[in-house]
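Going by my numbering, the first residue of the sequence shown is number 110, and it counts up by one from there.
Beta carbons: idealized from backbone N, C-alpha and C, even for Gly.
These notes concern the structure reproduced below.
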Amino acid sequence: MAALLPEFEYDIFISYRHNDNLFDGWVTEFVTRLQDELAATVKERLTIYFDKNLRDGLGDSQLVGPSLAHRLRSFILIPLISQTLLPD
């Protein structure tokens, strides 16, 4: 499924630290609820990029590769920032 605007790969890109989702899956729960809310309130179906697989994302010190850079071409970026991302 394509994004609503043709110049974008996805409508929404969810950025998060994979370690934040390991224990209780709160990031997955957030994305599921966001999808449900959008489906109930937006006429068109929006595409969301959410990398559940660690291989699809970045490690703590990696640079963005071509595959991920292509996915970053999204209309909306939602960064999920937690205390685990911030330095002590």
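**Study point:** Three-way DSSP call (helix, strand, coil) for residue 129 in this model
**Key:** Residue 129 sits at position 20 when you count from the first residue of the sequence shown. If DSSP states are grouped into helix, strand and coil, residue 129 belongs with the helices.
Exercise for review: Would you give the residue range spanned by the beta strand (DSSP E) that residue 160 belongs to?
Suggested key: For the purposes of this step, residue 160 is taken as the residue at position 51 of the sequence shown. Residue 160 -> no beta strand (DSSP E), and no H or E assigned at all.
Point to revise | Distance, residue 156 Cα to residue 189 Cα | key: By 1-based counting over the sequence shown, the position of residue 189 is 80. By 1-based counting over the sequence shown, the position of residue 156 is 47. Distance between the alpha carbons of residue 189 and residue 156 is about 18 Å.
Review point. What is the rounded straight-line gap between the Cα of residue 141 and the Cα of residue 147?
Key: The residue given as residue 141 occupies position 32 in the sequence shown. The residue given as residue 147 occupies position 38 in the sequence shown. Residue 141 and residue 147 have their C-alpha atoms spaced approximately 10 Å apart.
Review point. Should residue 185 be labelled buried (16 or more other beta-carbon atoms within 10 Å of its own) or exposed?
Key: Indexing the sequence shown from 1 puts residue 185 at position 76. Counting Cβ neighbours within 10 Å, residue 185 comes out exposed, since fewer than 16 surround it.
Review point. Which residues mark the beginning and the end of the alpha helix (DSSP H) in which residue 139 is found?
Key: Reading the sequence shown from its first residue, position 30 is the one you call residue 139. Per DSSP, residue 139 belongs to the alpha helix (DSSP H) from 135-150.
Exercise for review: Return the first residue and the last residue of the beta strand (DSSP E) that residue 122 is part of.
Suggested key: Indexing the sequence shown from 1 puts residue 122 at position 13. First-last of the beta strand (DSSP E) with residue 122: 119-124.
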